[in-house]
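Undergrad: Sharing a structure here in structure tokens format.
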Amino acid sequence: MLYLRLAWRNLWRNRRRTLITVFAVAFAGFFVIAMRSLQTGAYDNMVRNTVGTYTGFLQVHQDGYWDEKIIDNSFEESESIRETILQQKGVSGVSPRITGFSLLSYGLKTRGVQVEGFNPDYEAQLELEERVVAGTGRPEYGAVIGSDLAEYLKVEVGDSLVFLGQGYHGQSANALLPIEGIVSLSSPMLNQNTAFINLKMAQYVFAADNRITAYAINTEPDADLYEVESKIREALNKGELEVMNWQDMLPELVQSIQADSAGGILMAGVLYIVVGFSLLGTFIMLAAERKREYGMLIGLGMRRGQLMRLALLEASALAVLGVLLAVVLTRPLTLYFHFNPIQFTGQAMEALREMGMEPSMPASIDWSIPLTHGAILLVLTLGISLYSLVSIKRIQPVNAMRS
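Residue numbering for the sequence shown follows the working numbering, beginning at 754 and increasing consecutively.
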């Protein structure tokens, strides 16, 4: 306790130097934590919009379906399989789906779309009812389409769309379905190219009675994805069915996140280097200014180990103050942008939409981000403080007192 009190007093002997050092650490922490929170929030949003709506975080389908996504690679729907999956720890929802492709036409407008047959009672992750612009998000005998697709086709609720496609074993999949709802989906890609219809209606249209292409599985937020995947695979124990996680199904999404994240880590590394040199300069000046003081203390009988411990505590206090200040400053900011995401407009919005991304950037409020980067700053500061310890180790008391 005595060493802590002495270290604290020593810090405030030169308030200006202490404040400059603390704010240097805090600035680095603030910038890195804010940047990584926004990046991670954008990644989470991208995954949630794409994976939760499109594939599910896990998926059970016929072996080989993901390599050739056609209705011929479908399998018999079974309530017992669904119940088995639901019983696994970490699973929050299981939805049977049948996915096909069709040429959608209205008047002179035509577009190829993905037709997603789903059961509204099981499909919590689509959240269609929360995104309704007009009509309903629970189709019965018609279709629900994205607002961008509706705008392209110039249609409204009540208009009828012509579906032209190929069903199970080459049968015709043609239908005239009314629009029961228009929704605004987070993923621009899905908003432009997807039509949702009731599972039973989709099975009828594609001539695939009681058949589905996949069970889309949603997991609990804190669940271990790989552990849940392994448990489902063991529980099903059926060679004709394949269990895949979203990272295996969408490697392009994983690679794009990794590439973008690498850029953020590089920027953080550059900032750490700049701050590191700034801290090194501070500790060099500190050692030079206190050389005579250290020499006198050693000459009076204070052991070098005690003096080194005191210097280490001073460096630790500087680092902790800087990190705490960074966390205190960034937490309100990340909370605000988590609930009020940054909305892009103009060319940035168009560019993101063209890439199939939602033009918004929420911040992540995961505590692992400030804790991780706070620990990095703490280790960096303590590592640089070794200069002071080495200078104390090498100091000659007589020469130091004469300086």
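The beta carbon of each residue, even a glycine, is placed where N, CA and C say it ideally should be.
Could you give the DSSP three-state label for TYR875: helix, strand or coil?
TA: coil
Undergrad: Among residues of its own chain, excluding the 5 on either side of LEU994, which ones have a beta-carbon nearer than 6 Å to its beta-carbon?
TA: Result list for LEU994: VAL813, in chain order.
Undergrad: If you follow the beta strand (DSSP E) that HIS814 is part of, which residue opens it and which one closes it?
TA: For HIS814, the uninterrupted beta strand (DSSP E) segment begins and ends at 811 to 815.
Undergrad: Compute every distance between the C-beta of VAL1080 and the non-hydrogen atoms of the ligand PLP, then say whether any falls below 7 Å.
TA: Among the ligands in the structure shown, none appear at all, so the ligand PLP cannot be discussed.
Undergrad: Note the first and the last residue of the continuous beta strand (DSSP E) segment covering GLY853.
TA: Counting along the chain, GLY853 sits inside the beta strand (DSSP E) bounded by residues 844 to 859.
Undergrad: Any idea what DSSP makes of ALA787, helix, strand or coil?
TA: helix
Undergrad: Across which residues does DSSP place THR947 in a beta bridge pair?
TA: GLN867
Undergrad: DSSP three-state call for ALA960: helix, strand or coil?
TA: DSSP, reduced to helix, strand and coil, places ALA960 outside both helices and strands of the structure shown, so it counts as coil.
Undergrad: Here's the rule I'm using: 16 or more other beta-carbon atoms within 10 Å means buried, otherwise exposed. How should PRO696 be labelled?
TA: One cannot answer for residue 696 here, as it falls past the ends of the chain, which runs 754 to 1156.
Undergrad: Within its chain, find whatever has a CB closer than 7 Å to the CB of ILE1137; leave out the 5 residues flanking it on each side and keep chain order.
TA: GLY1029, LEU1032, LEU1033 and PHE1036
Undergrad: Are the region 788 to 799 and the region 1009 to 1017 in contact at 8 Å, needing three or more beta carbon pairs?
TA: yes
Undergrad: Go through the region 885 to 948 residue by residue and report every complete run of the beta strand (DSSP E) that reaches 3 residues or more, in order.
TA: Qualifying beta strand (DSSP E) stretches, in chain order: 885 to 888, 896 to 899, 913 to 919 and 925 to 936.
Undergrad: Return the first residue and the last residue of the beta strand (DSSP E) that MET997 is part of.
TA: 994 to 998
Undergrad: State the DSSP-derived secondary structure class of LYS984, mapped to helix, strand or coil.
TA: helix
Undergrad: Does DSSP classify ILE1095 as helix, strand or coil?
TA: strand
Undergrad: ALA926 and VAL958 look like a contact to me (Cβ under 8 Å); what is the Cβ gap, rounded to whole Å?
TA: About 5 Å separates the beta carbons of ALA926 and VAL958, which is inside the 8 Å limit, making them a contact pair.
Undergrad: Just grab the DSSP bridge partners of GLU1042 for me.
TA: Answer is none; GLU1042 lacks a bridge partner.
Undergrad: Can ILE970 and PHE810 be called in contact, C-beta distance under 8 Å?
TA: yes
Undergrad: For TYR796, which three-state DSSP category applies?
TA: helix
Undergrad: Anyone know if the C-beta pair for TYR875 and THR966 falls short of 8 Å?
TA: no
Undergrad: Short check: CB of ARG986 to CB of GLU829, under 8 Å?
TA: no
Undergrad: Hey, could you find the ends of the alpha helix (DSSP H) TYR1140 is sitting in?
TA: 1139 to 1147
Undergrad: Please say whether LEU1063 and ALA760 have beta carbons closer to each other than 8 Å?
TA: yes
Undergrad: Assess contact between the region 897 to 905 and the region 934 to 949, defined as three or more Cβ pairs (one per stretch) separated by less than 8 Å. Is contact present?
TA: yes
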